[in-house]
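Novice:
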Amino acid sequence: MAAAALSVRGLATALVVLRGALIRTGIGALIVGAGELVYQFTRLVSGAGGFGEAMSLLRDIAVEVWDRIGMGAAAAGAAATAMFFDLKADAASAMQSAIVSVVAFGNTAANTFEGAYEGIKAIWGLLPAAIGDLAF
219 MAAAALSVRG
229 LATALVVLRG
239 ALIRTGIGAL
249 IVGAGELVYQ
259 FTRLVSGAGG
269 FGEAMSLLRD
279 IAVEVWDRIG
289 MGAAAAGAAA
299 TAMFFDLKAD
309 AASAMQSAIV
319 SVVAFGNTAA
329 NTFEGAYEGI
339 KAIWGLLPAA
349 IGDLAF
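According to our numbering, the stretch in the sequence shown is residues 219 to 354, in order.
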């Protein structure tokens with residue numbers, strides 16, 4: 219009995235080593251992956267109560283996954299649109315700031331010349347009286 223247990227343990231160890239070697243190779247990984255997929259599907263079939271129920275559950279999962287992929291794409295599109303409008307708002311704000319600065323410069327220059335004109339007009343108006351005082 220002990221010899222049988224030892225040989226079963228040796229076989230199990232050999233299978234683990236073989237599985238590790240197969241996983242390290244490309245085709246071996248595919249074979250092990252396919253085996254695992256079949257195993258998990260058989261568990262799903264037994265848990266769901268039948269092949270049709272298992273396929274119905276898989277269909278529900280696939281529909282949900284595709285819906286979420288669509289929502290993710292829509293969210294990415296909305297984020298890109300929001301970023302574009304953010305850039306557009308920044309450009310409009312910069313243009314508005316530039317226009318305010320140019321208008322402020324124009325107002326300052328116009329007020330300066332208006333003040334100079336009023337000063338010259340006042341001096342020119344006082345000039346005849348000043349000349350009259352000097353001449354007479």
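Glycine included, every Cβ here is placed at the ideal spot set by N, Cα and C.
Would you call the segment 271-288 and the segment 253-263 in contact, with 3 or more CB pairs under 8 Å?
Specialist: Touching, per the Cβ criterion.
Novice: Do E252 and V263 have their C-beta atoms closer together than 7 Å?
Specialist: Position 34 of the sequence shown, counting from 1, holds the residue named residue 252. Position 45 of the sequence shown, counting from 1, holds the residue named residue 263. Per the sequence presented here, residue 252 reads as Ala, with Glu not at that position. Taking 7 Å as the Cβ cut-off, A252 and V263 do not qualify as a contacting pair.
Novice: Can you look up G337 in the DSSP assignment and give me helix, strand or coil?
Specialist: As a working mapping, residue 337 is identified with position 119 in the sequence shown. It is helical.
Novice: Can you name, in chain order, every residue of its own chain whose Cβ lies under 7 Å from the Cβ of A266, other than the five neighbours on each side?
Specialist: On the sequence shown, position 48 is the one that residue 266 refers to. Within the same chain, A266 has close Cβ partners A272 and L275.
Novice: Would you kindly work out how many angstroms separate the C-alpha atoms of G350 and G343, rounded to a whole number?
Specialist: For the purposes of this step, residue 350 is taken as the residue at position 132 of the sequence shown. For the purposes of this step, residue 343 is taken as the residue at position 125 of the sequence shown. Their Cα atoms are separated by approximately 12 Å.
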